[in-house]
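Laid out in structure tokens, this is it:
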């Protein structure tokens with residue numbers, strides 16, 4: 728048996744742009760993708776902390792070091808520039824590997840810079 732487990736998360740990133748006139752997807756700074764192990768065309772779930780929207784799309788790598796988090800196409804209607812989002816990828820993990828599975832979680836600051844990398848959910852993940 729396999730379980731669907733969180734594999735990576737970009738926690739509390741800021742939307743830098745919403746581009747309705749694009750085919751679709753989310754553009755994310757390649758440095759951030761590398762840090763959490765996400766890749767181009769990978770399916771991700773987006774959770775908007777500002778309005779509660781939850782939706783799925785795929786990743787397009789963005790310019791390294793830019794801090795870009797841009798929702799494209801129809802997804803652009805579900806966010807506004809400055810919204811705080813959580814970006815989650817999942818993996819199918821064999822039952823025997825579930826106890827040792829450790830997701831990569833990037834805790835972000837208001838400029839989409841990684842503050843800390845963790846492998847489990849901390850008691851407090853909000854930075855004010």
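Residue numbers (this note's numbering): 728 to 855. All C-beta atoms in this analysis are idealised placements derived from N, C-alpha and C, irrespective of residue type, glycine included.
- DSSP, read as helix, strand or coil, puts residue 798 in strand.
- For residue 762, no beta strand (DSSP E) segment is defined; the enclosing uninterrupted segment is the alpha helix (DSSP H) at 757-763.
- Inter-residue distance for residue 819 and residue 746 is about 31 Å (C-alpha atoms, whole angstroms).
- The beta-bridge partner set that DSSP reports for residue 821 consists of 729.
- DSSP, reduced to helix, strand and coil, places residue 780 outside both helices and strands of the structure shown, so it counts as coil.
- Scanning its chain for C-beta atoms nearer than 7 Å, with the 5 sequence neighbours on each side dropped, one finds around residue 809 the residues 741 and 742, in chain order.
- By the C-beta density criterion, residue 761 is exposed, having fewer than 16 other C-beta atoms within 10 angstroms.
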